[in-house]
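S.K.: Quick note: to get my numbering, add 645 to the position in the sequence shown (first position is 1).
For glycine and all other residues, C-beta sits at the position ideal for the given N, C-alpha and C.
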Amino acid sequence: MSAPERIPPRSMTPADLLAEGELTVRGRLREASNAALYCTLTHDGGEAACVYKPVAGERPLWDFPDGTLAQRELAAYEVSEATGWHLVPPTVLRDGPYGRGMVQLWIEAPEGATAPELLALVDGEEPGPGWKAIGLADVGEDRTALLVHADDERLRRLAVLDAVINNADRKGGHLLPTGDGHLYGIDHGVSFHAENKLRTLLWGWAGEPLTEEAVTVLKGLEKALTPDGPLTLRLTPLITPAEIDATRARVDALLASGKHPEPTGEWPAIPWPPV
Numbered sequence: 646m647s648a649p650e651r652i653p654p655r656s657m658t659p660a661d662l663l664a665e666g667e668l669t670v671r672g673r674l675r676e677a678s679n680a681a682l683y684c685t686l687t688h689d690g691g692e693a694a695c696v697y698k699p700v701a702g703e704r705p706l707w708d709f710p711d712g713t714l715a716q717r718e719l720a721a722y723e724v725s726e727a728t729g730w731h732l733v734p735p736t737v738l739r740d741g742p743y744g745r746g747m748v749q750l751w752i753e754a755p756e757g758a759t760a761p762e763l764l765a766l767v768d769g770e771e772p773g774p775g776w777k778a779i780g781l782a783d784v785g786e787d788r789t790a791l792l793v794h795a796d797d798e799r800l801r802r803l804a805v806l807d808a809v810i811n812n813a814d815r816k817g818g819h820l821l822p823t824g825d826g827h828l829y830g831i832d833h834g835v836s837f838h839a840e841n842k843l844r845t846l847l848w849g850w851a852g853e854p855l856t857e858e859a860v861t862v863l864k865g866l867e868k869a870l871t872p873d874g875p876l877t878l879r880l881t882p883l884i885t886p887a888e889i890d891a892t893r894a895r896v897d898a899l900l901a902s903g904k905h906p907e908p909t910g911e912w913p914a915i916p917w918p919p920v
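Here it is, written out as structure tokens:
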């Protein structure tokens, strides 16, 4: 679907449109596992496209409380904004035609814009220049191939975000590039569990030292996540106190180790299907 041209007045931000615009459903995104609706928003002369995920359309999960995925999507946006990396498109919680839900700005990848490869197969046991190894995969006929992803700084930032929010579902189809080279990640509904559930394709930096930039960002999150910190206050209506404590503990653990996390073996490390 082609998104309408966004023409907000100068005083209107995307958040204004998302929160206050008239929401009109245009179609359904059928590849999504939960109800995800493509919509347009209009407000005071401004127009934008968005994704609307009503809570009523969420499928129950055995390990996450029912009706909480939309809140977790907004929580991921709040953490993303606190990093300063702006890795998640503008997101709000609001009422819509099918009840309360998450509304997120639609990111239309312009023609020619491509996301860095999040999943590829190469022969041999070494990833080669420009790639980071995820692990070996059985490709049949008694053959294995190396799963790799691009060695890209934008992906590395997403890997840090995923470690902080405990993202249980970083798949190959969750990347949206823009014309100016920015990269967004989407679909963060299964995040922030108090138990370790990190499942991602971005294991290429596992065990490697965090960048100086990442350490600076994590120190900022540490301050924002104090009991009365601004990020804690933003997360309080969205996730449980135990989940906020666990988020704070993950930030502390990353700073203490100074390294990207490694799979624990207690939980499948790669989401299925991976794309």
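Can you tell me where the beta strand (DSSP E) with E667 in it begins and where it stops?
M.R.: To locate residue 667, count along the sequence shown from 1; it is residue 22. First-last of the beta strand (DSSP E) with E667: E667 to R673.
S.K.: Could you check where the beta strand (DSSP E) with V767 kicks off and where it finishes?
M.R.: Counting from one through the sequence shown, the residue named residue 767 turns up at place 122. A765 to V767 is the span of the beta strand (DSSP E), which, as asked, contains V767.
S.K.: Since L806 contacts S902 with CB under 8 angstroms, what's their CB separation in whole angstroms?
M.R.: By 1-based counting over the sequence shown, the position of residue 806 is 161. By 1-based counting over the sequence shown, the position of residue 902 is 257. Wrong, their Cβ atoms sit about 17 angstroms apart, outside the cutoff.
S.K.: Taking only the alpha-carbon atoms, compute the straight-line gap between R651 and A891 and give it to the nearest angstrom.
M.R.: Here residue 651 refers to the residue found at position 6 when the sequence shown is read from its first residue. Here residue 891 refers to the residue found at position 246 when the sequence shown is read from its first residue. Caution applies to R651, whose pLDDT of 48 falls short of 50 and renders its modelled position unreliable; the value that the coordinates give is listed next. Spanning the two alpha carbons is a distance of roughly 38 angstroms.
S.K.: Using DSSP with H/G/I as helix, E/B as strand and the rest coil, what is A760?
M.R.: Locating residue 760 in the sequence shown gives position 115, counting from the first residue. Coil at A760, not helix or strand.
S.K.: Quick test of the definition: if touching needs 3 or more C-beta pairs under 8 angstroms, does the segment 765-781 touch the segment 698-716?
M.R.: Counting Cβ pairs under 8 angstroms, fewer than three are found: no touch.
S.K.: Are the CB atoms of A914 and R815 nearer to each other than 8 angstroms?
M.R.: By 1-based counting over the sequence shown, the position of residue 914 is 269. By 1-based counting over the sequence shown, the position of residue 815 is 170. No.
S.K.: Once the 5 residues before and after V748 are set aside, which same chain residues still bring their CB inside 6 angstroms of it?
M.R.: Along the sequence shown, read from residue 1 onward, the residue named residue 748 stands at position 103. Hits under 6 angstroms: L663, C695, Y697, V737 and R739.
S.K.: Output the distance between the C-alpha atoms of V793 and P906, rounded to the nearest integer angstrom.
M.R.: As a first step, residue 793 must be located in the sequence shown, where it is residue number 148. As a first step, residue 906 must be located in the sequence shown, where it is residue number 261. When rounded, the distance between both Cα atoms is 17 angstroms.
S.K.: Taking the alpha carbon of G672 as the reference point, which residue from C684, L719 and D897 has its own alpha carbon closest?
M.R.: The sequence position of residue 672 within the sequence shown is 27, counting from 1. When only C-alpha atoms are compared, the closest one is C684.
S.K.: Could you tell me if T658 is buried or exposed, where buried requires 16 or more neighbouring beta carbons within 10 angstroms of its beta carbon?
M.R.: The sequence position of residue 658 within the sequence shown is 13, counting from 1. Burial call: exposed.
S.K.: Would you say I779 and G849 are within 8 angstroms of each other, going by their C-beta atoms?
M.R.: Sequence index remark: in the sequence shown, residue 779 carries index 134 (1-based). Sequence index remark: in the sequence shown, residue 849 carries index 204 (1-based). Taking 8 angstroms as the Cβ cut-off, I779 and G849 qualify as a contacting pair.
S.K.: Pick out whichever of A680, K904 and W776 has its Cα sitting closest to the Cα of R704.
M.R.: The residue given as residue 704 occupies position 59 in the sequence shown. Nearest option by C-alpha distance: A680.
S.K.: Could you give the distance in angstroms between the alpha-carbon of I752 and the alpha-carbon of L847?
M.R.: As a first step, residue 752 must be located in the sequence shown, where it is residue number 107. As a first step, residue 847 must be located in the sequence shown, where it is residue number 202. Each residue's alpha carbon lies about 22 angstroms from the other.
S.K.: Tell me whether K842 sits in a helix, a strand or coil according to DSSP, three-state version.
M.R.: Counting from one through the sequence shown, the residue named residue 842 turns up at place 197. It is coil, neither helix nor strand.
S.K.: When the Cβ atoms of the segment 813-832 are set against those of the segment 758-765, are three or more pairs found closer than 8 angstroms?
M.R.: Yes, since at least three Cβ pairs between the segment 813-832 and the segment 758-765 fall closer than 8 angstroms, the two stretches touch.
S.K.: Mind checking whether the beta-carbon of E867 lies closer than 7 angstroms to any heavy atom of the ligand ATP?
M.R.: Summarising the ligand content, the structure contains no ligands, and the ligand ATP is consequently not present.
S.K.: Have a look at E692, T669, L668 and V700 and flag the residue whose alpha-carbon is nearest the alpha-carbon of S678.
M.R.: Here residue 678 corresponds to residue number 33 of the sequence shown, with the count starting at 1. Nearest of E692, T669, L668 and V700 to S678, Cα basis: V700.
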